[in-house]
Amino acid sequence: MMVTLSPSSAAVERGFSLMNLIKTSRQSQMTNETLPSLMRVSHITTTVAEFDAEPAIQKWKTSAKTKRYVKAAPKPAAVNSNLPVPVAP
């Protein structure tokens, strides 16, 4: 499978910019199969704020042969109100 870019120069520039962001000098050993996949994922995905994880979580919970147990989020540490509050001088 090949990744194709549209012929407009702006789209080509964006493609090369994305490639340069992904394939840095640290990741110069990246294979020819990995780079297009990472570019596709980077180009298609939404931001974390826009991503709705609930469908993926539900699929993960129901895909197991046995029931999955998900721990509740840890509660914040209790505040000891008996301690003196420091006052700025």
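Position one of the sequence shown corresponds to residue 15 (our numbering), numbered consecutively onward. We put the CB at the ideal spot given by N, CA and C, even for glycine. Note that the structure is a prediction, hence the values are computed from the model and not measured.
Limits of the alpha helix (DSSP H) - the one that residue i falls within
i   : result
E68 : E68 to T76
F30 : S23 to I36
T48 : T48 to I58
For residue j and residue i, the rounded distance between their alpha carbons
i   : j   : result
T38 : T76 : 39 angstroms
R28 : V84 : 41 angstroms
A70 : Q43 : 32 angstroms
F30 : S23 : 11 angstroms
V26 : K79 : 46 angstroms
T60 : E47 : 23 angstroms
A86 : E64 : 23 angstroms
Rounded Cβ spacing between residue i and residue j (contact assumed at less than 8 angstroms)
i   : j   : result
I36 : L49 : 7 angstroms
Residues of its chain near residue i, where Cβ-Cβ distance is below 8 angstroms and the 5 sequence neighbours each way are ignored
i   : result
D66 : none
R82 : W74 and K75
7 angstroms Cβ cutoff met for residue i and residue j
i   : j   : result
S51 : L32 : no
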